[in-house]
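For the sequence shown, the working numbering assigns the number 54 to the initial residue and increments by one for each residue that follows. Even for Gly, the Cβ is constructed at its ideal location relative to N, Cα and C. See structure below.
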Amino acid sequence: MQRYFMDAPYDGRDTVLLSGDHYHHIANVMRMKPGNEIWVVFNDGLAAKATIISLEDQAVKVRIMEWEERTTELPVHVTVASGLPKGDKWEWVIQKGTELGASQFVPFKAARSVVKWDEKKSARKLARWKKIAMEAAEQSHRQVVPDVLSPMTFEQILALSDNLSRKIVAHEEAAKQGEQSNLANMLAGVKKGEKIIILFGPEGGWEEKEVELLTSNGFISCGLGPRILRTETAPLYALAAISYHFELMG
């Protein structure tokens, strides 16, 4: 059943109008008709099964039938921050990371980042990233669309993490030296509702001074298993580990 995210919170009414891209998708792509059912998700996280009443002029009118009771969101808020990778790797991270439950994606300019950010194309790029996150949230039946931010500087990432107590930097040198418990130990102490930020380096890896600066600002350096993961693979490994800890281990 198709899922559509609204730009507003639930207003208490039992009928809802879907317009714009939602109307186009329902009427022209899916060719739905009155009586068909969809999911409507409001931006306060409430999701409801709804029945199409009518297809009006550039709007679809639906009636809420029942509310979704189960939660599909991770019990912790996870920010994935990555040294901006080249090609479509960042789009891959956004898509798959959304499916795995991330709450926020933040690219940043690390010392060894290869990609040069073009400010002239920034609005179009950001719009595409947000669309990828929304479509992945629809596909994976999420109740919240992750936030996707514009690229930050390394200093801005530090400022973003200032008020967070759970901060991790994935470091391949830690993995090479056999570190394999810091992530598990951190997760063991995290309570539901807490916010976690995990930093991943670019293709060229971290400069040692960056890791030193991060650890001096409260980040825990950790390895992600004995193998060295690509920059687009590491965030997915970490999110899968978080999901396993909180959702499968109970």
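Is the beta carbon of A294 less than 8 Å from the beta carbon of L236?
-> yes
Hey, out of K244, I251, V264, G257, whose CA is closest to H298's CA?
-> K244
Let me know the secondary structure DSSP gives S125 once reduced to three states.
-> Per the sequence shown, the amino acid found at residue 125 is Thr instead of Ser. T125 falls in the coil class under three-state DSSP.
Does at least one heavy atom of the ligand NAP sit under 7 Å from the Cβ of I250?
-> You won't find the ligand NAP in this model; it holds no ligand whatsoever.
Decide if A180 is buried, meaning its Cβ has at least 16 other Cβ atoms within 10 Å, or exposed.
-> exposed
For V264, which residues from the same chain have a beta carbon less than 7 Å from its beta carbon, with the 5 sequence-adjacent residues on both sides left out?
-> V222, H224, S274
What does a CB cutoff of less than 8 Å around W182 pick up in its chain, not counting 5 residues either side in sequence?
-> W143, E144, I147, F158, V201
Tell me the start and end of each unbroken alpha helix (DSSP H) in the region 209-263 that is at least 4 residues and wholly inside, in chain order.
-> 225-229, 235-241
Just the C-alpha distance for T151 and Q230, rounded to the nearest angstrom, thanks.
-> 31 Å
When burial is assigned at 16 or more other CB atoms within 10 Å of the CB, is W170 buried or exposed?
-> exposed
Are V93 and I106 close, meaning C-beta to C-beta below 8 Å?
-> no
Cβ-Cβ distance between F95 and K162 below 8 Å | no
Straight-line gap, L108 to A189 (C-alpha atoms, nearest Å) = 26 Å
With R56 as the anchor, note down where its beta strand (DSSP E) starts and where it stops.
-> 56-58
Would you mind giving the Cβ-Cβ distance between L139 and V167, rounded to the nearest angstrom? I have them listed as a contact below 8 Å.
-> Per the sequence shown, the amino acid found at residue 139 is Lys instead of Leu. Contact flag correct, Cβ pair sits at about 5 Å.
Proximity of I250 and T132 at Cβ, strictly below 8 Å | yes
Whose CA, out of T104, V129, T125, lies closest to the CA of E119?
-> T104
Cβ-based neighbour list, E285, same chain, cut-off 7 Å, excluding 5 preceding and 5 following | P138, K142, W145, V146
Collapsed DSSP secondary structure at F158 in the structure displayed = strand
Expressed to the nearest angstrom, what Euclidean distance is found between the alpha-carbon atoms of A291 and L70?
-> 38 Å
Range covered by the alpha helix (DSSP H) that runs through I185 | 175-192
Let me know if P279 comes out buried or exposed under the rule of 16 or more other beta-carbons within 10 Å of its beta-carbon.
-> exposed
State the Cα-Cα distance for the pair A61 and A228, rounded to the nearest angstrom.
-> 44 Å
Evaluate S72 with the Cβ neighbour count: other Cβ atoms within 10 Å of its Cβ, from every protein chain shown; 16 or more gives buried, anything less gives exposed.
-> exposed
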